Amino acid sequence: MNAEQKGFQDKQYYPIVFMLLITVFFVGILSVFYRSTEKAVAAYQKQMYQKQILSLFADTLSTLTGYASETFIDKSKVDSNFEKYVSVMEQSTPFSKAVAAQYYAVRDADDNLIGYCFDVTGSGLWGTMKGLLAVTMDFKKVVNFAIYSQMETPGLGSRVEEDWFKHQFAGKPFQSEADDIVFSLVLEDALAETHQIKQITGATITSSSVLKMLRVVAQDFRQHPLLTPSKDNR
Amino acid sequence: MNKKDIFITSAFKDNSVIRQVLGICSSLAVTNLMLNSLIMGLGVIFTLVFSSLTISLIRNYTPRSVRMMAQVLIIGSYVIIVDIFLRANLPEISKQLGPYVGLIITNCILMGRAEAFSSKNNPVDSMIDGVGAGIGYTLVLLSIACIRELFGFGSLFGLTILGSWWLKWSIMVMAPSAFFLLAVMIWIMNDKVYKVKTS
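Right, dumping it as structure tokens:
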């Protein structure tokens, strides 16, 4: 290091200049890296979202069309299947904060409506959980349910996305004429009755949060019994 | 110290988790699954290697008064690169690890190696030290995860090992098991391997 360099480094403003330079350098690198992967991340997220909606109705569609359930969520066919079976709808008056205004109507190959899918939100242990709730046309039964975005504890609460947890909601009653349906939790290894859900071992708060989320959504639906789509993008 | 000694010291003799009790948070948090531990370990190795290299390269120009700010900035940048890489290329793993990838920045091993080694040594030695510290950390994570996943889920890397007859030990899936497994590991290693004398 020469004397001139040494002199510059002794200046009072040198630390500021130094920090400024490395900040600009690293922010630049991160911006380039972020931009280069942005499209891949967005495309993946969109495809996963569409796949999730189709997967909720895959068994029903399989029964109605005779194709295997896997056909509807095949990675290469997600786009075409989504376009064929799902219509994006929008409720002019949103249900509440827990249910997004945009929802999905799912139809079979003959264009007969088989159910609706709603994007629902609730609080988890560490942050917001987002899920997709598929219900029958009359809103009385859950066709399927899945959490697609969460910030729960890795390996514990994050198991809320595992198939065994999601699948246990299929066919459960969602709304009755008189009272709200109240689900309760049982141990992961126990046998669950109609109104019981197996909790995730070590993640009781996350499991309870999912039930609370569904309870809030059910109440919202009760207050908006008539689902009158104002816009059908199909 | 030659390069082999730097590696062995960093990975084993002065193992960051066992000997220096650094990086404990993530050792406890992600060790219930082997795959999560491996990916976390690889993320830490990547961040350690490149942050050590960068910090060493600029060590003669870094003002002492802002050195820790600069180190955090450098470490944070590499952590974000790991996070973006996982989201773009291994999204399922990225989802499983959740916020813990971002929390690599708070892993004391990184700041520890930056302060203790790379800010005083040449870039090649610093990279070797980073690889060693990262591998040492990953091995500890995998050792704990092996026990927790095997007894807690009956599987290793998601592959069923113990079958349906195995009654899963729920405690192994929960956080307390990581506390006592890590404590037992530190105890055994200090007593049998490092021969630490306590008076």
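Residue numbers (the working numbering), protein chains in the order written: chain A, 128 to 361; chain B, 49 to 247. Glycine included, every Cβ here is placed at the ideal spot set by N, Cα and C. Quick caveat: nothing in here was measured; it's all calculated off a predicted structure.
Start and end residues, alpha helix (DSSP H) containing A:E197 = Boundaries of the alpha helix (DSSP H) around A:E197: S196 to F199.
inquiry  = With H, G and I counted as helix, E and B as strand and the rest as coil, what does DSSP make of A:K84?
reply    = Nothing about residue 84 of chain A can be reported from this structure: the residues present for chain A run from 128 to 361 only.
Contacts around A:K204, its chain only, beta-carbon distance under 8 Å, and the 5 residues preceding and following it disregarded = When the five nearest sequence neighbours on each side are left out, the beta carbons in the same chain lying within less than 8 Å of the beta carbon of A:K204 are those of T198, in order along the chain.
ask   = At what residues does the beta strand (DSSP E) containing A:R342 begin and finish?
value = Boundaries for A:R342: no beta strand (DSSP E) harbours it, while the alpha helix (DSSP H) harbouring it runs T331 to Q350, taken from the DSSP string.
message = Strictly under 9 Å for the Cβ-Cβ distance: is A:Y176 near chain B by that measure?
response = So, not an interface residue.
request  = Measure the C-alpha to C-alpha separation of A:D359 and A:S214 and round it to an integer number of angstroms.
outcome  = Per-residue confidence for A:D359 stands at a pLDDT of 46, beneath the threshold of 50, marking its modelled position as unreliable; the derived number appears in the next sentence. Between A:D359 and A:S214, the C-alpha separation is close to 7 Å.
key: Distance CB(B:V92)-CB(B:S113) smaller than 9 Å   = No, Cβ-Cβ distance for B:V92 and B:S113 is not below 9 Å.
request  = Consider the Cβ of A:T263: report whether some Cβ of chain B lies at a distance smaller than 9 Å.
outcome  = So, not an interface residue.
query = If we cut at 9 Å on Cβ distances, does B:N137 have a partner in chain A?
reply = Output row for B:N137: interface = yes.
request  = Any chance you could list the beta strand (DSSP E) runs of at least 3 consecutive residues sitting entirely within the segment 231-276 of chain A, in chain order?
outcome  = Taken in chain order, the complete beta strand (DSSP E) segments of 3 residues or longer contained in the segment 231-276 of chain A are 240-250, 255-262 and 269-276.
query = Within 10 angstroms of its Cβ, does A:G254 collect 16 or more other Cβ (buried), or is it exposed?
reply = Exposure of A:G254 is indicated by the presence of fewer than 16 other C-beta atoms within 10 angstroms of its C-beta.
inquiry  = Tell me the DSSP secondary structure of A:P142 in three-state form.
reply    = Collapsing the DSSP output to three states places A:P142 in a helix.
ask   = In terms of residues, what are the limits of the beta strand (DSSP E) holding B:V78?
value = Under the DSSP assignment, B:V78 falls outside any beta strand (DSSP E); it carries neither an H nor an E label.
task = State the start and end residues of the unbroken alpha helix (DSSP H) segment that holds B:M175.
result = Note, B:M175: alpha helix (DSSP H), P171 to F201.
key: For A:L283, the three-state DSSP class (helix, strand or coil)   = Three-state DSSP puts A:L283 in coil, outside helix and strand.
request  = State yes or no: is the C-beta of B:I132 within less than 9 Å of the C-beta of B:N84?
outcome  = Using a Cβ distance threshold of 9 Å, B:I132 and B:N84 do not count as a contacting pair.
message = Let me see if you follow: with CB-CB separation under 9 Å, is B:I223 close to chain A or not?
response = At residue 223 of chain B the sequence reads Ala, which differs from the Ile that was named. Yes, B:A223 lies at the interface with chain A (some Cβ there is under 9 Å from its Cβ).
inquiry  = Taking the straight line between their C-alpha atoms, what separation do you get for A:M345 and A:L183?
reply    = The question names Met, but residue 345 of chain A in the sequence shown is Ala. When only Cα atoms are considered, A:A345 and A:L183 end up about 18 Å apart.
request  = Taking B:V188 and B:V65 to be in contact with their CB atoms under 8 Å, please state how far apart those CB atoms are, rounded to whole angstroms.
outcome  = That pair is a contact at about 4 Å.
task = Would you mind telling me which residues of chain B sit closer than 9 Å to A:Y140, beta carbon to beta carbon, in chain order?
result = Per Cβ cutoff of 9 Å: no residues; A:Y140 is ~10 Å from chain B at best.
ask   = Shorter than 9 Å from the beta carbon of A:Q326 to some beta carbon of chain B?
value = Taking 9 Å as the threshold, the shortest C-beta distance from A:Q326 to chain B does not fall below it.
Minimum C-alpha distance to B:V69 - residue among B:L190, B:P171, B:I157 and B:I209 = That would be B:I157, whose Cα lies nearest to the Cα of B:V69.
For B:P139, three-class secondary structure by DSSP = B:P139: helix per DSSP, three-state reduction.
request  = Kindly identify the DSSP beta-bridge partner or partners of A:S311.
outcome  = In the DSSP assignment, the residues bridged to A:S311 are A:Q323.
ask   = Going by other Cβ atoms of all chains shown within 10 Å of its Cβ, with 16 needed for buried, is A:K173 buried or exposed?
value = Burial call: exposed.
key: Selected residue, minimal CA-CA separation from A:V337, among A:S311, A:E217, A:T263 and A:D347   = It is A:S311.
message = Going by DSSP, what residue range makes up the alpha helix (DSSP H) through B:V221?
response = From DSSP, the alpha helix (DSSP H) with B:V221 extends over S218 to V221.
message = If I follow the unbroken alpha helix (DSSP H) through A:V205, where does it start and stop?
response = V205 to Y212 is the extent of the alpha helix (DSSP H) around A:V205.
request  = Flag A:L191 as yes if its beta-carbon sits less than 9 Å from any beta-carbon of chain B, otherwise no.
outcome  = It does not: the Cβ of A:L191 has no partner Cβ on chain B nearer than 9 Å.
key: Collapsed DSSP secondary structure at B:L90 in the structure displayed   = B:L90 sits in a helix when the DSSP states are folded into three classes.
task = Give the C-beta separation of B:F165 and B:Y126 to the nearest angstrom, bearing in mind that I take them to be a contact with Cβ-Cβ under 8 Å.
result = Their Cβ separation, rounded to whole angstroms, is 16 Å, which puts B:F165 and B:Y126 out of contact at 8 Å.
request  = Assign A:M216 to one of three DSSP states: helix, strand, or coil.
outcome  = Strand at A:M216.
task = Give me the Cβ distance between A:G282 and B:N80, rounded to the nearest whole Å; I'm assuming they're in contact under 8 Å.
result = Correct: roughly 4 Å between the Cβ atoms.
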